[in-house]
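So the structure is just underneath, and the comments pick up after that.
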Amino acid sequence: MMKPLDCSSKSAQHGEKFNHRLRERKAVAAQPQVQPDYVMTPTEVIMSYHMLLEHSNKMLASVRNEDWDTLIEAEVEYVREVERLSHAEAQVQLSEDQQLDKLQLLSTIMDQDREVRERLVARRAMLEQTLLSMQKKQKLEHSYRN
Numbered sequence: 403m404m405k406p407l408d409c410s411s412k413s414a415q416h417g418e419k420f421n422h423r424l425r426e427r428k429a430v431a432a433q434p435q436v437q438p439d440y441v442m443t444p445t446e447v448i449m450s451y452h453m454l455l456e457h458s459n460k461m462l463a464s465v466r467n468e469d470w471d472t473l474i475e476a477e478v479e480y481v482r483e484v485e486r487l488s489h490a491e492a493q494v495q496l497s498e499d500q501q502l503d504k505l506q507l508l509s510t511i512m513d514q515d516r517e518v519r520e521r522l523v524a525r526r527a528m529l530e531q532t533l534l535s536m537q538k539k540q541k542l543e544h545s546y547r548n
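All the letters of the sequence shown, read from the start, carry residue numbers 403 to 548 under our numbering.
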């Protein structure tokens with residue numbers, strides 16, 4: 403008779419690793435990355451939004467490939483850039499063309515963010531179903547043995 407495969411410990415290890423990386427990401431994001439009195443030039447602001455788009459592209463590719471480690475790393479970089487931008491952009495006046503560029507970049511970033519969130523929600527639902535299935539199987543095996 404074959405011994406049942408115990409996936410619960412492997413899933414728990416992945417969950418612990420993911421939670422550790424998530425806590426690490428939040429800690430890094432909470433640390434200020436720039437001096438609050440630094441002001442960007444309009445060109446630097448647009449370049450920063452392009453960097454956000456690059457991080458967003460990487461996050462989207464990672465979630466599509468189910469590469470969770472790379473996703474977390476890309477999110478850390480994304481949060482750092484958002485933090486830098488939020489502190490330094492406040493006093494910048496963009497031209498109309500730059501405002502349009504910024505809006506187009508933000509629109510793309512938001513669309514990609516929506517897809518990332520949808521895929522993560524679907525992944526969570528799948529993991530929940532897997533865990534429920536494993537729990538039912540363990541209960542059944544326990545009942546069978548007793």
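From the three backbone atoms N, C-alpha and C, an ideal C-beta is built for every residue, glycine too.
Between residue 457 and residue 440, the C-beta gap is not smaller than 8 Å, which leaves the two residues out of contact. Assignment of residue 510 by DSSP, reduced to helix, strand and coil, places it in the helix class. If you ignore the 5 residues before and after residue 490, its C-beta comes within less than 7 Å of the C-beta of 436, 440, 441, 442, all in its own chain and listed in chain order. Residue 505 has its alpha-carbon roughly 12 Å from the corresponding atom of residue 497. Taking the Cα of residue 493 as reference, the smallest distance to any Cα among 544, 444, 545, 548 is reached at 444.
Residue 476 places its beta carbon 8 Å or farther from that of residue 488. When the alpha-carbon of residue 525 is set against those of 544, 469, 482, 507, the nearest one is in 469.
Judged by DSSP secondary structure, residue 449 falls within the alpha helix (DSSP H) whose first and last residues are 444-466.
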